[in-house]
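Peer 1: One structure coming up, written as structure tokens, with questions to follow.
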Amino acid sequence: MATAVRRLKPGRAVLLLLSLIYFVLPIYASLQFSLENVQGGFTWSAIRAIPSQPGLAGSVWLSTRIGIVTMIILMLLVVPTVIYVHLRLPGMKRTMEIITLLPIVIPPIVLILGVLDATPLGLKASPYLLSLVYVVLALPFVYRSLAAGLDALDLRTLEEAAKSLGSGALRTIRFVILPNLRSSLLSAVVLSLALVLGEFTMASLDLWQTLPVWIVNFSGSDPHISTAVAMLSLLGTWALLALVVFLDRSHSRRLRKGLVQ
Amino acid sequence: MTDALREGTGVHLDGLVCRFGMTTALDGFSLDVAPGEFVALLGPSGCGKTTALRTLAGFETPAEGRVYVGGVDITSTAAQKRDMGMVFQSYSLFPNMSAIDNVAFGLQLRRVNGTDRKRRAGELLELVGLSSHATKYPHQLSGGQQQRVALARAIAIEPQVLLLDEPLSALDAKVRAELRDEIRFLQRRLNITTLFVTHDQEEALSMADRVCVMSNGKAEQIAAPATLYSRPSTAFVAEFVGVTSRIKASRSGEQVVVFDKSIKIRDDAGISSVNDVDVLLRPEDISVTASSTGLGIVTHTSFRGADTRLEVGVGGDTVRVDISSSISTQFPVGERVNLEVTAKDVLVSARR
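So this is what it looks like as structure tokens:
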């Protein structure tokens, strides 16, 4: 039997250490900065001051609303589309992949300026215009995640099996396809939510004070507090990720034990 | 419900034509299946057997021809309204549902209430011998178990017709043999009209009431297994089902001369004007005797248990003959032998 703990080879250890430093150092620096007073000593004052900062609660609420609306549009739009393409137009898969990659290729600033130029005035006054743009921005992540989930299924056979048992398209999607896309859906939601909660360029150009915009604006007046907020939002995103991983794991554990009906 | 002998439903496929781009998968295919009958569609890959099954299931729409089930034209009925239980070649269980939920799915769609549903699904799992695996998920079941659940799921909806699309071909030999018997047993017990697609002749011959041999989108011959084997109606059937040797021969009228002996021609399949023909012979149609002046030379022997198969070279043709293994030492490679056709008539085909 192999030993449970494998010894780390020196080369790998160095590589691991370097990448840890690369990722952890900036976070550590920010954390330290947000817990530091003017003399360089330790203080909670920046953290404690967060709740009373003007405009912060509003920006968090705005970001949350935009995020939720974005999620809803994404799910309603992308999920049926991906399923439809995989089920009925498998020849289009490549084309769809390329199309959904475009938002990564086109710089956000180009995208938002174009959108702002083309948007009718009524819609421009609404923060949910950002949701519409974020849908486009999140498309690559959501599409890829769902496509990978669908590719892992023998979709055609499952659909035909369901059909032979008397299931129409909608019930097949509801009872057979969606439950099997659970993990992909969860990761699509988290990836795009993290994206939306951290997006700065477009929100700032559209003149909405979302959380990232607030952090940048506020850093001029009190960099300690704005860094502390940035740290908290990072922790929030991690908590969200951890929750998804936990939900997914506990679900598959219950699946294995046969507790889920 | 599972024990009641039901009436069974007849199936009538009439002149089906099905094309995919340039290829014609079905080219005027017709087939009648009697209520409760088990018919196997047998043929090489690409012969259209799966397309025929899928057309009956409603997954393909024929360009021409009609599909009748129980006397009703269902050619344009949607697949989900056809009431056909189907078992697929690839494992088709819903990964998100346990074995019993898979079986109950069709009943759930038919709005059978929860308790009845569980009870009937449980009965069916028992029928396929998987009661103890009811709460397991597909990934926890072996291939053979998965196909058993798939069978139970297909039967659960009490389908008019049961469609089996090479359900055994992904399984290993031992499981395949077991499941073959079980499918046949269940089919007889429930009296479900069944269409079974396979490329394995042994499967088709051992399971089916009748076998339909297909080639190029058409039915070559539809007959009981024994008839198919002993009286193949075309050269294709003769060569696809069982072992056949082709021997060059010349005909004279109703007779053909094989190994210096004249034999009656059974069916010349419209080549009566041709004199240079091939005679098609089964190993058991030929007897062999050692003779120093014989026409043939043993070129190869292979031990097959009770029988030994000899390959004998005769004038450029290879003839396969089965002899009892107990006398096989009399026919070593290189031995001169005499061959004689013991069949009372033979099938001829255009010379290849």
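In order, the protein sequences belong to chains A and B. Residue 318 is where the first sequence ends in my numbering, and the numbering goes up by one at each step. Residue 654 is where the second sequence ends in my numbering, and the numbering goes up by one at each step. We treat Cβ as the ideally placed atom computed from N, Cα and C, and that holds for glycine.
1. Given that a residue counts as buried once 16 or more other Cβ atoms are within 10 Å of its Cβ, and exposed if not, what is VAL463(B)?
2. Are the C-beta atoms of ASP174(A) and some chain B residue less than 8 Å apart?
3. Based on the DSSP secondary-structure assignment, which residues constitute the bridge partners of ALA642(B)?
4. Taking VAL233(A) as the query, report the chain B residues whose CB atoms sit under 8 Å from its CB, ordered along the chain.
5. Would you identify the three-state DSSP class for LYS550(B), choosing helix, strand or coil?
6. Is it right to say MET303(B) is buried, meaning 16 or more other beta carbons lie within 10 angstroms of its own, or is it exposed?
7. Cα-Cα, which of CYS514(B), SER547(B) and ARG368(B) is closest to LEU344(B)?
8. Can you grab the Cα-Cα spacing for the pair ASP329(B) / GLY519(B), in whole Å?
9. Please check if any C-beta of chain B sits within less than 8 Å of the C-beta of SER224(A).
10. From LEU492(B) to SER508(B), what does the alpha carbon distance come to, in whole angstroms?
11. Can you tell which of LEU411(B), THR379(B), ARG622(B) and ALA342(B) has the C-alpha that lies nearest to the C-alpha of ALA359(B)?
12. Do VAL559(B) and VAL600(B) have their beta-carbon atoms positioned less than 8 Å apart in this structure?
13. So, does the CB of THR311(B) fall closer than 8 Å to a CB anywhere in chain A?
14. In the structure shown, what three-state DSSP assignment does GLN557(B) receive?
15. Run the CB neighbour count on ASP174(A), radius 10 Å, all protein chains shown included, and call it buried at 16 or more, exposed below.
16. Taking all protein chains shown into account, decide if GLN318(A) is buried (16 or more other Cβ within 10 angstroms of its Cβ) or exposed.
17. Strictly under 8 Å for the Cβ-Cβ distance: is LEU242(A) near chain B by that measure?
18. Find the residues of chain B that neighbour LEU215(A), judging by a C-beta separation of less than 7 Å, and give them in chain order.
19. Taking only beta-carbon atoms, is PRO236(A) less than 8 Å away from chain B?
20. Just to confirm the assignment, what range does the beta strand (DSSP E) spanning ARG321(B) have?
21. Determine the extent of the beta strand (DSSP E) in which MET388(B) is found, giving its start and end residues.
22. Is there a Cβ from chain B that is less than 8 Å from the Cβ of LYS220(A)?
23. Counting only runs of 4+ residues fully inside the region 322-390 of chain B, write out the alpha helix (DSSP H) ranges in chain order.
24. Can you find a CB in chain A that lies within less than 8 Å of the CB of GLY387(B)?
25. Could you name the residues that DSSP lists as bridge partners for HIS602(B)?
26. Thinking C-beta only, is LYS563(B) closer than 8 Å to GLU484(B)?
27. LEU355(B) and LEU465(B) - do their beta-carbons sit closer together than 8 Å?
28. ARG201(A) lies in the alpha helix (DSSP H); which residues open and close that run?
29. Output needed in chain order: residues of the region 453-468 of chain B with a Cβ under 9 Å from some Cβ in chain A.
30. For the region 191-215 of chain A, which residues have a beta carbon sitting closer than 8 Å to at least one beta carbon of chain B?
31. So ARG64(A) contacts chain B; which residues on that side make the cut at Cβ distance below 9 Å?
32. What span of residues does the beta strand (DSSP E) with LYS520(B) cover, start to end?
33. On a CA-only basis, which of LEU297(A), ALA86(A), LEU75(A) and LYS66(A) is nearest LEU248(A)? Give me that one, please.
34. Using DSSP's beta-bridge definition, name the partner residues of SER651(B).
35. Using the Cα positions of VAL190(A) and SER202(A), report the straight-line distance between them to the nearest angstrom.
36. By the 10 Å Cβ neighbour count, where 16 or more other Cβ atoms means buried, how is LEU316(A) classified, buried or exposed?
Peer 2: Walking through what the data contain:
1. buried
2. no
3. Looking at the sequence itself, residue 642(B) is Glu, so the reference to Ala does not match. According to DSSP, which records beta bridges pairwise, GLU642(B) is partnered with SER589(B).
4. PHE396 and ASN398
5. strand
6. Confidence in MET303(B) is poor, its pLDDT being 42 and thus under 50, which makes the residue's placement unreliable; the coordinate value appears in the next sentence. Burial call: exposed.
7. CYS514(B)
8. 5 Å
9. yes
10. 19 Å
11. THR379(B)
12. no
13. no
14. strand
15. exposed
16. Note that GLN318(A) has pLDDT 38, beneath the 50 cutoff, so the model's placement of it is unreliable and the number below is only indicative. So GLN318(A) ends up on the exposed side.
17. no
18. SER394 and PHE396
19. yes
20. 313-322
21. 386-389
22. yes
23. 351-359
24. yes
25. GLU613(B)
26. no
27. yes
28. 185-208
29. ARG455, ALA456, ALA458, ILE459, PRO461 and LEU465
30. LEU210, ASP211, THR214 and LEU215
31. Under the 9 Å cutoff, chain B gives no residues; its nearest Cβ is about 33 Å from ARG64(A).
32. 520-525
33. LEU297(A)
34. ASP580(B)
35. 19 Å
36. For LEU316(A), the pLDDT reaches just 45, beneath the cut-off of 50, and the residue's location in the model is therefore unreliable, leaving the point undetermined.
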